[in-house]
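The sequence shown maps to residues 7 to 625 in our numbering.
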Amino acid sequence: LDQVDNTSDATKNAATATLTNKTLTTPRIDAIKDINGAVLIASSVAASAVNYLTVRNNASGGEAAVYAGGPDTNIDLSLYAKGGSGYGVNLRSTTNGVLFRAYGVTGGINRVDVYNSATGNAPYFIPSGADTNIGLNLRSKGTGTVQANGVEVTTISSAQTLTNKTISGMSNTLSNIPFSAVPALSAVSGSGANEISAGDMENADLIKQSAPNRVLSTEQKLTGTQSLKLTGYNYAFFPHDISTGAVQTNPCAPGDVVSAEACVYGHASNQDTSETLYLRIDFLKSDGSWSNYYTKPLAAGNVLTGTWTKMSLSYIAPATTVGYAITVYQLYSSTTVPGNVYYWDGIRATKSMPTMSGRLVGTTVVGGAGTEDGGATWTKIAEYTMGTSYVGQSAILNVSQIASSNEQAVIGVHIRSQGVSQTHLLNVEFISKPSATAFITTNSFKLISTGATYDAPVELWFRKNANSGQFAVYEMSSYRGHQYNGKKYYFDTTWQSAIPTGTAEVTSGPQTSFGAPIATTTDIQTITNKTLTNPKTNAIFDTAGGVAMSVTATGGTNYLTLTNSTGNPGFTVSSVNTDQSMFVAPKGAGTFRIYVASGQTPTLTGAGADTNHNLNLQS
Numbered sequence: 007l008d009q010v011d012n013t014s015d016a017t018k019n020a021a022t023a024t025l026t027n028k029t030l031t032t033p034r035i036d037a038i039k040d041i042n043g044a045v046l047i048a049s050s051v052a053a054s055a056v057n058y059l060t061v062r063n064n065a066s067g068g069e070a071a072v073y074a075g076g077p078d079t080n081i082d083l084s085l086y087a088k089g090g091s092g093y094g095v096n097l098r099s100t101t102n103g104v105l106f107r108a109y110g111v112t113g114g115i116n117r118v119d120v121y122n123s124a125t126g127n128a129p130y131f132i133p134s135g136a137d138t139n140i141g142l143n144l145r146s147k148g149t150g151t152v153q154a155n156g157v158e159v160t161t162i163s164s165a166q167t168l169t170n171k172t173i174s175g176m177s178n179t180l181s182n183i184p185f186s187a188v189p190a191l192s193a194v195s196g197s198g199a200n201e202i203s204a205g206d207m208e209n210a211d212l213i214k215q216s217a218p219n220r221v222l223s224t225e226q227k228l229t230g231t232q233s234l235k236l237t238g239y240n241y242a243f244f245p246h247d248i249s250t251g252a253v254q255t256n257p258c259a260p261g262d263v264v265s266a267e268a269c270v271y272g273h274a275s276n277q278d279t280s281e282t283l284y285l286r287i288d289f290l291k292s293d294g295s296w297s298n299y300y301t302k303p304l305a306a307g308n309v310l311t312g313t314w315t316k317m318s319l320s321y322i323a324p325a326t327t328v329g330y331a332i333t334v335y336q337l338y339s340s341t342t343v344p345g346n347v348y349y350w351d352g353i354r355a356t357k358s359m360p361t362m363s364g365r366l367v368g369t370t371v372v373g374g375a376g377t378e379d380g381g382a383t384w385t386k387i388a389e390y391t392m393g394t395s396y397v398g399q400s401a402i403l404n405v406s407q408i409a410s411s412n413e414q415a416v417i418g419v420h421i422r423s424q425g426v427s428q429t430h431l432l433n434v435e436f437i438s439k440p441s442a443t444a445f446i447t448t449n450s451f452k453l454i455s456t457g458a459t460y461d462a463p464v465e466l467w468f469r470k471n472a473n474s475g476q477f478a479v480y481e482m483s484s485y486r487g488h489q490y491n492g493k494k495y496y497f498d499t500t501w502q503s504a505i506p507t508g509t510a511e512v513t514s515g516p517q518t519s520f521g522a523p524i525a526t527t528t529d530i531q532t533i534t535n536k537t538l539t540n541p542k543t544n545a546i547f548d549t550a551g552g553v554a555m556s557v558t559a560t561g562g563t564n565y566l567t568l569t570n571s572t573g574n575p576g577f578t579v580s581s582v583n584t585d586q587s588m589f590v591a592p593k594g595a596g597t598f599r600i601y602v603a604s605g606q607t608p609t610l611t612g613a614g615a616d617t618n619h620n621l622n623l624q625s
């Protein structure tokens, strides 16, 4: 030992002592305690540890620091709280309280990473963790809001007021917006952009009264105090320029659905039994031309005398449409002048978006009585090269039918090719003119694959019934997949008398998956290569539809197990009981029989592990 002089004290290894002005080189410390002896900092030993924590002081004005050190190039620095969910790490200011607190949750695997950035770039928060897709949830407290630059951030479902925003109608879908909610929009003849309303004819500006035999009259009215009175061959359109009487239009786009209605009342003096009445929708095209669609002619005569009759019509705006108007018409016989007198009231039209989303491919008008070629009237609507080698056809059944009381329907066709995960969905919207005969029926469609190659096109065919109408095709999703060479749509309504045919390999139903039938809850179908786990049944049928085995439910725990085998297949009893009998009972006076192959002798033998055993037959 070094000599100890009178200027220093000596201490033993195990003694408690206060050392001053000492430099400890590579000391080994498991804890540092405060002046009261309580643990202030404790160290935890890691096996083969090489990385460590460095604490650095600083001169006046500089920041003290804690950082990771060690031979590794990149070292994380972690702070752990003690306890489970609800306990976290606080970052505090000495005078302003908690600045930031990080919590952990039980089983947490996802986190938020915070990054700084180089000059000209913004720092950012990034969700990170084991999951492939992770959202980022910013949540306020109570009625507080999430803000960016001090301004409230918009959400999908909250009620909020947005200002100074430009919303593009090309890339956004706006729905259920009443005209009253946008009072700053200009109106034509008292009607909104989605509506033409002559209402109860109380607004004298709605009709240019200088036209011959066209006046507002109080003689008859459906509602209010007056109606529009037309005499003889006459018409009135809405909206129009009040000063000149020129037709005007409300805004309309291709694919919009316009529905119109009007009520008409015949004067008691009407004599022309051949006069006919119409309600018409007029679509203005971008080139200045018009497309006009009428209701079925309403034979007037004396039938409409003394009663109000309602007329209605719906149609899809064709390609290049920019506006729409409505017109009421009355045509009289050339032998009768001046013609009948009719009162019109409740004239209105509304415009709505299509009944389904998706890109409008095109529309076509179907006219005639369904006998353009003297026979069947099939036309091809769409064709897809789907990457399938199936050859087949199917009638698409259970569709919504258009009848005189239901003048509009939407048919959805679900087509999926073999080996391609992405599904292409096609919707066709049909609108008919009022008629006693349905425009479409359950036999109006066929889905066909016409070739045996892998690129065989899949076609959708339509057969028109004895009526007139219109259909529009909407492409519901973009097709992706291998062996896909394109799609075609047909709107020239080229009819053929031959019924399109193919080997029936596809399913029937409101949705059709090409090449693979879809199991439904009620249809009679053959299901192959399926494993049914715990099916509930009261009978098993043979291939001819007869009952092969019936099942009586008792709620018991004993049952029969049918085992197939290359050696000895058969029935065995499965039971929770150690010993359980099996009953085979004939019906009534019938007998129980065991059949063997022709030429063989039927025998009953005992079996078991014992060398000698009896066979007991007991009644």
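Glycine is no exception: its CB is placed at the ideal position from the N, C-alpha and C atoms.
Tell me the rounded alpha-carbon separation between residue i and residue j.
i	j	result
L621	T609	11 Å
A55	A71	22 Å
I524	K452	Because the pLDDT of I524 is 40, which lies under 50, any placement of that residue in the model is unreliable, and the number read from its coordinates should be weighed accordingly. The straight-line gap from Cα to Cα measures roughly 17 Å.
T369	D262	11 Å
A259	Y330	9 Å
V347	T356	27 Å
S49	D36	5 Å
A542	S556	Reading the sequence as shown, one finds Lys at residue 542 and not Ala. Distance between the alpha carbons of K542 and S556: 12 Å.
G272	P324	34 Å
T279	D351	22 Å
T607	Y601	10 Å
P245	Y349	18 Å
G76	T539	60 Å
Y241	T301	14 Å
S233	S358	27 Å
Q586	A545	24 Å
T24	L105	38 Å
May I ask you to report which of helix, strand or coil DSSP gives residue i?
i	result
P523	Residue confidence is low: P523 scores 39 on pLDDT, short of 50, so the model does not pin down where it sits. Its coordinate-derived value is still stated next. Coil.
K28	coil
W296	strand
G135	strand
G381	Its pLDDT being 47, under 50, G381 is placed unreliably in this model, and the value from its coordinates should be taken loosely. Coil at G381, not helix or strand.
V590	coil
I115	coil
T269	For the record, residue 269 in the displayed sequence is Cys; it is not Thr. DSSP places C269 in strand when its eight states are reduced to three.
T79	coil
V371	strand
T607	coil
G475	strand
T22	coil
F275	According to the sequence as given, residue 275 is Ser; it is not Phe. Three-state result, S275: coil.
Q489	The predicted position of Q489 is uncertain, since its pLDDT is 41 and thus under 50; a value taken from the coordinates is nonetheless stated next. In the structure shown, Q489 sits in coil (DSSP, three-state: anything other than H, G, I, E or B).
V51	coil
R145	coil
Does the distance from the CB of residue i to the CB of residue j come in under 7 Å?
i	j	result
A478	I322	yes
N122	R107	no
G238	G312	no
E267	S318	yes
S292	T255	no
V582	T563	yes
L283	V264	no
I140	P133	yes
W501	T383	yes
Between residue i and the ligand GDP, is there a pair consisting of the residue's CB and a ligand heavy atom that are separated by less than 6 Å?
i	result
V157	The model on display carries no ligand, and the ligand GDP is accordingly not part of it.
Quick one: give me the first and last residue of the beta strand (DSSP E) that residue i is part of.
i	result
V553	V553 to S556
Y335	T327 to L337
Y284	T282 to K291
F598	That residue, F598, is in no beta strand (DSSP E); it is neither H nor E in DSSP.
A71	A71 to G75
R220	R220 to S223
L234	S233 to T237
W501	Taken as a continuous stretch (DSSP letters only), W501 belongs to no beta strand (DSSP E), as it is neither H nor E.
N96	G94 to S99
A37	A37 to K39
Looking at chain C, is there any beta carbon in it that lies within less than 7 Å of the beta carbon of residue i?
i	result
T370	Annotation note: the requested chain C is absent from the structure, which comprises a single protein chain.
Using DSSP bridges, identify the partner residues of residue i.
i	result
A545	S556
W350	L234 and V270
N240	Q336
Q153	E158
T3	As shown, the chain starts at 7 and ends at 625. That puts residue 3 outside it, with no answer to give.
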